[in-house]
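Undergrad: Read top to bottom, the protein sequences are chains A and B.
Using my numbering, the letters of the first sequence map in sequence onto residues -13 to 325.
Using my numbering, the letters of the second sequence map in sequence onto residues -13 to 325.
Idealized CB from N, CA, C, for every residue including glycine.
This structure is a prediction, so every number in the text was calculated from the model and none was measured.
Protein chains: 2
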Amino acid sequence: VAVLGIHQEPEKAAFYVPEYLHDEGFDVWKQGAHAGPPLAVIVSTDAHYSIARTLRIMGWGDRGVIAAPIDAHHRLTPEAAETALGQAGDRRVIGIVAAAGSTATGAFDPLHELADVAERHGLWLHVDAAHGGGVALSETQRSKLRGIERADSVVWDAHKLLMMPALVTAVIYRREAHAYEAFAQQASYLFADATPDQSWWDLGQRTLECTKRAMALELWSALRTQGEAWFGEVVDRQAELARQLAAKVAAAPDFELALMPESNIVCFRHLGSVTPGELDAHNRMLRKRVIEDGTFYIVGTQLPGGFYLRSTLMNPLTEEVDLDALLDYLRELSLPCRP
Amino acid sequence: VAVLGIHQEPEKAAFYVPEYLHDEGFDVWKQGAHAGPPLAVIVSTDAHYSIARTLRIMGWGDRGVIAAPIDAHHRLTPEAAETALGQAGDRRVIGIVAAAGSTATGAFDPLHELADVAERHGLWLHVDAAHGGGVALSETQRSKLRGIERADSVVWDAHKLLMMPALVTAVIYRREAHAYEAFAQQASYLFADATPDQSWWDLGQRTLECTKRAMALELWSALRTQGEAWFGEVVDRQAELARQLAAKVAAAPDFELALMPESNIVCFRHLGSVTPGELDAHNRMLRKRVIEDGTFYIVGTQLPGGFYLRSTLMNPLTEEVDLDALLDYLRELSLPCRP
Chain A
-13 VAVLGIHQEP EKAAFYVPEY LHDEGFDVWK QGAHAGPPLA VIVSTDAHYS
37 IARTLRIMGW GDRGVIAAPI DAHHRLTPEA AETALGQAGD RRVIGIVAAA
87 GSTATGAFDP LHELADVAER HGLWLHVDAA HGGGVALSET QRSKLRGIER
137 ADSVVWDAHK LLMMPALVTA VIYRREAHAY EAFAQQASYL FADATPDQSW
187 WDLGQRTLEC TKRAMALELW SALRTQGEAW FGEVVDRQAE LARQLAAKVA
237 AAPDFELALM PESNIVCFRH LGSVTPGELD AHNRMLRKRV IEDGTFYIVG
287 TQLPGGFYLR STLMNPLTEE VDLDALLDYL RELSLPCRP
Chain B
-13 VAVLGIHQEP EKAAFYVPEY LHDEGFDVWK QGAHAGPPLA VIVSTDAHYS
37 IARTLRIMGW GDRGVIAAPI DAHHRLTPEA AETALGQAGD RRVIGIVAAA
87 GSTATGAFDP LHELADVAER HGLWLHVDAA HGGGVALSET QRSKLRGIER
137 ADSVVWDAHK LLMMPALVTA VIYRREAHAY EAFAQQASYL FADATPDQSW
187 WDLGQRTLEC TKRAMALELW SALRTQGEAW FGEVVDRQAE LARQLAAKVA
237 AAPDFELALM PESNIVCFRH LGSVTPGELD AHNRMLRKRV IEDGTFYIVG
287 TQLPGGFYLR STLMNPLTEE VDLDALLDYL RELSLPCRP
């Protein structure tokens, strides 16, 4: 198998050149990009920026991304993926990146249907579950990940939904051997001469970094101490708070909800008394004031409909009263003459 | 400036396509590798494996490395770099990677002379000071880094010589703007619209990772608490222990020293009563037994002369008596029938 691999955050994206490229005699790892055609993957327009950054690092350029538009639920549909595939031109498409859930809005892509597309065209399916993978521990939310078992690779951050300190992150491969092939290489002072079976303990062969913190220990300890069910409750509480915030926003005439949250991310904007043309600038200004003031923290995100404020419910000490306080605070900050 | 950047461990190597490539209208970050010629950098045959891994990730393949042979002191000489440059063929050489000191032996390359070569040919000079950068804090050893101020980029690990917990590592650029250009990109929910002057606080623009531990805090706190001079003493003590171990090895008829240590790394092998042809296998076996037994820890390294054991003096609790114990222990392990 010819292999292209780069992991980010520290291991956000992992791509493989599928076997058919190897069958054509093209091994980009050894021979370099020039030995074959330009490569590309299909991602949604909402995909995390690290995907595009990763592809540019690998020498794929701007054209390494074929961006498929998201639907009304901010999801990458199989139809959009098929359409994007048709736009490849001279590029060899080798994979699809699905989100579960997306960083921008927390939307979960239809993984089974995207896996069908990947299977039909012999593409690698990578699922960016960095944010949403933690719902696997929730009885009620687990179904959002249906189909993830068909992914070739999955990225998952335990520091998102599972209260771990940053970073605790993993790249998980469906086929174990792929973990060993991504960085196939020799380094005599580090790597013993051993087959994968014999060197499962040698993480240096399977990670981008050489020296690496034993981040799995934190998660393992927490799971052993608290149990999986406890983490499921944490995940459910975060989603419940997000639903509460979304409901408050939807009910408020001076706010607008971007979409009903699927997980713990709520995107919304303040309408105030500004004209539609001023909405983006108004909400950017609000975001800036929030950061400068420091009472709350909030980020912004660019969605097809404009610039939105984005609140991620992660702190276990957050209560419903804090959500009301946030909205009142934003109203106050938006006043032209603040006290 | 067209930019190619990848950082490892987490930031081991940083390369830029110099301005002259941009002047030719080739921007590999945006246009991808296919828009220009195959690229390469000159590294010594002793360079850390992460350099070659980084180049392969960037799609440069095996040919991305032009390996220059090291001299008798295990250093990359300007003559070897010039010769390597002549072997480029159809590849565009964009940089030289020097070591201070090298991971394999701790050798310090002649940085001023390599900077002259880089200047003469318009190449980026990257110094891998991951291991040896800490000698900057030692009055007596600082001179080994002469010329490092002419490097375009330097990598430095504080978890090597300065007793920090792994990882505490930095990529340092001579020209500040380069730090902002490596990953030039948009991500609306993260990056404010700001010029570099205005967003010095926004590390996401300048690091490979998105979420990142505030590793500088550990080093800053330690330097504030203990002072630079104290760390200089730590570095000097490590070098003194290495000299002691090297002297003991050189004086022992049943051991062979690979080279006089320039810093805290000592490479040597056990001769025992084996034939020259059996030396590599014998020392590999010794290394394996050390690891399995667990009383000591040692690594191995492949040098031009064969396979050597490699001891890195880093633990502040190590005493001279431990060095004698290590050699006696290796003698005992090498006996055919161990007790």
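#1: From A232/B to P23/A, what distance separates their C-alpha atoms?
#2: What's the call for W206/B, buried or exposed, on a 16-neighbour Cβ count within 10 Å?
#3: What residues from the region 247 to 277 of chain B come within 7 Å of chain A, judged by C-beta to C-beta, listed N to C?
#4: So what's L203/A in DSSP terms, helix, strand or just coil?
#5: Measure the C-alpha to C-alpha separation of M150/A and S297/B and round it to an integer number of angstroms.
#6: Per the contact definition of three or more C-beta pairs closer than 8 Å, is the region 38 to 58 of chain B in contact with the region 74 to 82 of chain B?
#7: Using a Cβ-Cβ distance cut-off of 8 Å, determine whether Q17/B contacts chain A.
#8: Please give the ranges of any beta strand (DSSP E) in the region 58 to 93 of chain A, keeping only runs that are unbroken, at least 3 residues long and fully inside the region.
#9: W46/B versus chain A: which residues are under 8 Å apart at the beta carbon?
#10: Going by the DSSP bridge assignment, what does F293/B pair with across the sheet?
#11: Entirely within the region 193 to 246 of chain B and at least 3 residues each: give me those beta strand (DSSP E) ranges in chain order.
#12: Go ahead and label Q346/A buried or exposed: buried means 16 or more other beta carbons lie within 10 angstroms of its beta carbon, across all protein chains shown.
#13: If you drop the 5 nearest sequence neighbours on each side, which residues of the same chain put their C-beta closer than 6 Å to that of T181/A?
#14: Less than 8 Å between the C-beta atoms of A70/A and I52/A, yes or no?
#15: Short of 6 Å in beta carbon distance, which residues of its chain neighbour R136/A, apart from the five on each side in sequence? Order them along the chain.
#16: Can you find a C-beta in chain A that's less than 8 Å from the C-beta of G50/B?
#17: Determine whether the beta carbon atoms of G118/B and G87/B lie at a separation below 8 Å.
#18: Scan the region 113 to 137 of chain A for residues whose Cβ lies nearer than 8 Å to a Cβ of chain B and list them as they occur along the chain.
#19: Measuring CA to CA, which of I37/A, H164/A, R61/A and Q17/A is closest to R42/B?
#20: Say whether chain A places a C-beta atom closer than 8 Å to the C-beta of L231/B.
#21: Is D32/B helix, strand or coil by DSSP?
#22: Select from P96/B, A19/B, V252/B and A67/B the residue whose C-alpha is nearest the C-alpha of H107/B.
#23: In angstroms with no decimal places, state the Cα-to-Cα distance between A163/B and T89/A.
#24: Looking at chain B, is there any beta carbon in it that lies within less than 8 Å of the beta carbon of T193/A?
#25: Anyone know if the C-beta pair for W142/A and A115/A falls short of 8 Å?
#26: What residues in the region 220 to 244 of chain B have a beta carbon less than 9 Å from any beta carbon of chain A?
#27: Within 8 Å of any Cβ in chain B, is that where the Cβ of E197/A sits?
#28: The alpha helix (DSSP H) with V14/B in it runs from where to where?
#29: If the cut is a Cβ gap below 7 Å, which residues of chain A does R42/B touch?
#30: Alpha carbon to alpha carbon, how far is L227/B from D310/B? Give it in angstroms, no decimals.
#31: For chain A, find out if any of its Cβ atoms is closer than 8 Å to the Cβ of H145/B; answer yes or no.
#32: Of the choices R255/A, L245/A and R275/A, whose alpha-carbon is the least far from that of P239/A?
#33: Compare the C-beta of L319/B with all C-beta atoms of chain A and state if any pair is closer than 8 Å.
#34: Less than 8 Å between the C-beta atoms of L123/A and E214/A, yes or no?
#35: Closest by CA to E125/B, which one among A54/B, C253/B and E219/B?
#36: Does any residue of chain B bring its CB to less than 8 Å from the CB of A311/A?
TA: Taking the structure as given:
#1: 52 Å
#2: Answer is exposed; the Cβ neighbour count stays below 16.
#3: Within the region 247 to 277 of chain B, no residue qualifies.
#4: It is helical.
#5: 35 Å
#6: yes
#7: yes
#8: 78 to 85
#9: Close partners of W46/B in chain A (Cβ separation under 8 Å): G18, A19 and G45.
#10: Answer is Q288/B.
#11: 241 to 243
#12: Outside the displayed span of chain A (-13 to 325) sits residue 346/A, for which this structure offers no information.
#13: Annotation note: pLDDT 49 at T181/A (below 50); position unreliable, no value reported.
#14: In this structure, A70/A places its C-beta atom within 8 Å of the C-beta atom of I52/A.
#15: A101
#16: Chain A, which has a Cβ nearer than 8 Å to the Cβ of G50/B, makes this yes.
#17: yes
#18: none
#19: Q17/A
#20: For L231/B, no Cβ of chain A is located within less than 8 Å of the residue's own Cβ.
#21: coil
#22: A67/B
#23: 29 Å
#24: no
#25: yes
#26: When C-beta distances to chain A are compared with 9 Å, every residue of the region 220 to 244 of chain B stays at or above that value.
#27: Here residue 197/A turns out to be Thr, not Glu, going by the sequence shown. At least one CB of chain B lies nearer than 8 Å to the CB of T197/A.
#28: V14 to Q17
#29: W15
#30: About 11 Å.
#31: yes
#32: R255/A
#33: It does not; no Cβ of chain A falls within 8 Å.
#34: yes
#35: Ranking A54/B, C253/B and E219/B by Cα distance to E125/B puts E219/B first.
#36: no
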